[in-house]
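A.B. asks: In full-length UniProt numbering, the protein residues as written are 1 to 182.
Quick one: structure below, then a few questions.
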């Protein structure tokens, strides 16, 4: 059998990059890797809790936003998560079937689907928030007194500029509608 590597043409040589092009890449590689590891550990605890249900991170995200925004429309959730309707449909169906989320018809428009956490869904979402809050509190405690404000500014700055106002509005709306512990 012929080695497939012999059939492919070699890649054209890359032109050497200027220092201006490579400096940011090199200087932030460590932060990029740390970001990946931090995210891995941040979602790892909820992943372990979800595994026995056969659920994954998409389930966690859906449950989080439905719990923070009871009565949200399916279309709002699609906009937030930026996933396909088909992907959301599967995840949502599983959460509804297992009794974590309830889907109701809208009062004014019966075709509209409004999403609510069940008591079981609220409890699971609270567990996730508690676990992840402990991790964040511990990390912020190691970083000094202004760490929370700096982290908040950094995270907002990481969001695409055109989406920041909408994200902040969503976060503040959800926070104002819920008790402080949620």
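Beta carbons are placed, not taken as given, at the ideal position from N, Cα and C, and that holds for glycine.
Mind pulling the beta strand (DSSP E) runs of 3 or more residues that sit fully within the segment 112-169?
C.D. replies: Listed in chain order, they are 113-117.
A.B. asks: Straight-line CA distance for residue 174 to residue 120?
C.D. replies: Cα-Cα distance, rounded: 19 Å.
A.B. asks: Roughly how many angstroms lie between the CA atoms of residue 104 and residue 113, to the nearest whole one?
C.D. replies: Approximately 6 Å between the Cα atoms of the pair.
A.B. asks: Determine which residues share a DSSP beta bridge with residue 94 and list them.
C.D. replies: DSSP output for residue 94 lists no bridge partner at all.
A.B. asks: Pull up the CB-CB distance for residue 46 and residue 128, whole angstroms please, since I reckon it's below 8 Å.
C.D. replies: Sure, about 5 Å apart at Cβ, within 8 Å.
A.B. asks: Suppose you measure from the CA of residue 144 to the CA of residue 34; what does that come to, to the nearest Å?
C.D. replies: So the alpha carbons of these two residues sit roughly 19 Å apart.
A.B. asks: Taking the continuous alpha helix (DSSP H) assigned at residue 105, which residues delimit it?
C.D. replies: Here residue 105 belongs to no alpha helix (DSSP H); instead the beta strand (DSSP E) covers 101-105.
A.B. asks: Short of 6 Å in beta carbon distance, which residues of its chain neighbour residue 69, apart from the five on each side in sequence? Order them along the chain.
C.D. replies: Answer for residue 69: 174, listed in chain order.
A.B. asks: For residue 170, I'd like the list of residues in its chain whose CB is within less than 8 Å of its CB, leaving aside the five on either flank, ordered along the chain.
C.D. replies: So the list reads 69 and 80, once near-sequence residues are dropped.
A.B. asks: Would residue 150 and residue 139 be called neighbours here (beta carbons separated by less than 9 Å)?
C.D. replies: In this structure, residue 139 does not lie closer than 9 Å to residue 150 by Cβ.
A.B. asks: Tell me whether the beta-carbon of residue 123 lies closer than 9 Å to the beta-carbon of residue 91.
C.D. replies: Against a cut-off of 9 Å, the Cβ pair of residue 91 and residue 123 comes out as no contact.
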